[in-house]
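Throughout, the working numbering is defined as the position within the sequence shown, counted from one, plus 39.
The beta carbon of each residue, even a glycine, is placed where N, CA and C say it ideally should be.
Notes to accompany the following structure.
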Amino acid sequence: MSETSRTRPAAETAGELPIRMLHDRLLVEPDKEAGERKSSAGIVIPATAAMGKRLAWGTVVATGPNVRQVSLHDTILFDPEDRAEVELDGSLYTLLRERDIHAISQTAGEDRTGLYL
């Protein structure tokens, strides 16, 4: 190979998953708490209750080489209706494109200023 050839960013995978994502694809592990939930008054709402369109949270466990805005282990917000599911090593994952993500969760320390001495 010549030294002028382009190098592409490598795809990232968390742990030992037997998969390598392509292009702008993401492999997401949906939150386990997406089932039952409690209202502010303490009423338990089952997962089967009919509601309006509800977005879901998940954790990114693998990214393709062309993903630019999302990193491994980010917690993201996505529409569970627009998804493809895949089972790997007995666990259920969701396959998304980067453009299908609505938001990325920020941790409490990300927006703070640094320590200056």
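Partner residues in the beta bridge of Lys77, as assigned by DSSP, are Val83. Taking C-beta atoms as the reference points, Leu56 and Ala101 count as a pair closer than 8 Å. The beta carbon of Thr98 sits closer than 6 Å to those of Glu68 and Thr114, all from its chain and outside the five residues before and after it, given in chain order. DSSP places Glu68 inside the beta strand (DSSP E), whose first and last residues are Arg64 to Pro69. Here the C-alpha atom of His112 lies approximately 11 Å from the C-alpha atom of Ile143. Of all alpha-carbon atoms in Asp70, Ile84 and Trp96, the one lying nearest the alpha-carbon of Asp139 is that of Trp96. Around the C-beta of Gly129, fewer than 16 other C-beta atoms lie within 10 Å, and the residue is accordingly described as exposed. Taking 8 Å as the cut-off, the Cβ atoms of Leu127 and Ile58 count as close. Collapsing the DSSP output to three states places Arg138 in a helix.
Contact check for Leu66 against His141 fails: the beta carbons are separated by 8 Å or more.
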